[in-house]
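Encoded as structure tokens, the structure appears first; notes follow it.
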Amino acid sequence: MRRLSAITILFTFAIISINIDSGSLEEASSYSNHFRGSHQGYHYPQKYKKFESRSNEIVAEDAFHKLFNEIKTQQKLKTATSYNNRDIFINRNKTRDEESQLEFSYNENDRYGPPRWKDINAQCGGRNQSPIAIDTGFVAVRENAQELIIDGVDLVPQSMKVENNGHSLKLSFKYQNDQKINISGGPLKNPFILDNIHFHWGSNTSGSEHVINDQRYAAELHMVTYNSIFETFEMASQDPMGLAVLGILYEYDKLYTGKDNPWVKFITKVIKAHSTYTETNWVFPIRDIIKDVDFRGLLSYRGSLTTPNCSENVLWMLSTRPIVIKQNELVELRKLRNDKGRRIIHNYRPLQDTNGRTVTAYKYK
Ligand SMILES: [Zn+2]
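Numbering (mature numbering (1 follows the signal peptide of the UniProt record, and there is no 0)), first residue to last: -22 to -1, 1 to 343.
Next comes the structure, spelled out in structure tokens:
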């Protein structure tokens, strides 16, 4: 009987909780989506925005706070039950992880290669998918735009978490006093908070996800951010306006003899899929990763996550001024292993149809 009630509590937790393991953005969102499907009753207010009347506003705010309290309660439950029921809890997490992965791969011929991602999640077959090819001769132009600013770019983190999530190298940062890095300006109506940075690369010197003016760059860095009107990344993931990704392109330069990109040192620590490593000594600010990247002529469009669940709630921003990557750095990235123990040789998704979407270039004042 005791065991049965423990299972009930855990199951309740599993369907409500959004305190998910910090997998990739893509994984995280697929969890969120899973919960959304499983538990319509706890649907977060779709948009926490202006409401029609004062009374509606109060009702919506009540719902908002009620949800927060429920989540907090569930998180406490997790702490209370996970110790006594550790085995059940671990098994449960494992099942969820396996479900969300469904062997998704980047090889066309695999059972769940890119053409079959829509069988993992139907959104992957949607009309607003990413990445896309952009011709800068055919974009809308926004003159006198606010400059895109990354606030905290020179902050030195307390610790950095490095992760091989089975399909990319992912970095996340913890700052003193719980400070956050946020970006604002450009197409963003309010600040967006950094969740993680990860990378996409190829088997040769063409590995970026987005293609600009017929050029596929060597690699692409993604700064994944969420709308600061939400308390957490997971909540934002469920909202149509919740996420924004800033993409920075890497240009291969065989003559470049400068220093290695600082994240290269971490690769040997996380060769195995789902391994993580936390660094507290050799830490560096975001500036060391993105250099003095220039956001003039920033391109923006509405699209999706580029891995399953392919959720179409991403405001994309792409720098048109690439930064440099070296051959040895690309070689190092390809040493990382996926779930099957194979090297991650390439991890960019094939180009998606724009279906008439507009791309806008932001020109600064
Ligand atoms: Zn990405």
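No residue lacks a Cβ here, since even glycine has one placed at the ideal position from N, Cα and C. Nothing here was measured: the structure is a model prediction, and the numbers come from that model.
Annotation for His324 indicates a beta carbon at 7 Å or more from all heavy atoms of ligand 1. The DSSP-derived three-state label of Thr285 is coil. Across the set Ile127, Asn85, Thr114, Pro109, the C-alpha of Thr114 shows the shortest separation from the C-alpha of Ala339.
In the DSSP assignment, Met295 is bridged to Leu224, Ser278. Around the beta carbon of Leu233, fewer than 16 other beta carbons sit within 10 angstroms, so the residue counts as exposed. For Glu307, the number of other beta carbons within 10 angstroms of its own is at least 16, and it is reported as buried. Between Ile249 and Leu314 the beta-carbon gap is near 6 Å, inside 8 Å, which marks them as a contact. In the DSSP annotation of this structure, Lys232 is not part of any beta strand (DSSP E), being labelled neither H nor E.
At the C-beta level, Leu293 and Leu277 stay beyond 8 Å of one another.
At a threshold of 7 Å, His145 does not count as near ligand 1, since its beta carbon sits no closer than that to any of the ligand's heavy atoms. Of the candidates Phe151, Arg105, Asn168, Ile110, Asn168 places its Cα closest to the Cα of Gln124. Beyond the five residues adjoining it in sequence on each side, Ser162 comes within less than 6 Å, by CB distance, of Ile127, Pro169 in the same chain, given in chain order. Comparing C-alpha distances from Lys269 to each of Asn287, Arg299, Pro286, Ala118 shows the shortest one belongs to Arg299. Using a 10 angstroms sphere on the CB of Gln330, the tally of other CB atoms reaches 16 or more, which defines it as buried. Spatial neighbours of Gly275 in its own chain (CB-CB distance under 6 Å, excluding positions within 5 residues in sequence) are listed in chain order as Thr298, Ala339. Taking 7 Å as the cut-off, one finds no heavy atom of ligand 1 near enough to the beta carbon of His188.
Membership of Leu147 in the beta strand (DSSP E) is indicated by the continuous run 147 to 152. In this structure, ligand 1 has a non-hydrogen atom nearer than 7 Å to the beta-carbon of His200. Sorting Gly334, Thr332, Tyr326 by C-alpha distance to the C-alpha of Leu147 places Tyr326 at the top. Residue pairing for Lys139: DSSP places it in a beta bridge opposite Ser150, Thr256. Leaving aside the five residues that flank Arg194 on each side, the residues in its chain whose CB is nearer than 6 Å to its CB run, in chain order, Ser184, Ser186.
Where Glu198 is concerned, there is no enclosing alpha helix (DSSP H), although the beta strand (DSSP E) around it starts and stops at 197 to 205.
Between the stretch 105 to 122 and the stretch 253 to 262 there are fewer than three inter-stretch CB-CB distances shorter than 8 Å, so the stretches are not counted as touching. For Thr284, the CB falls within less than 7 Å of some heavy atom of ligand 1.
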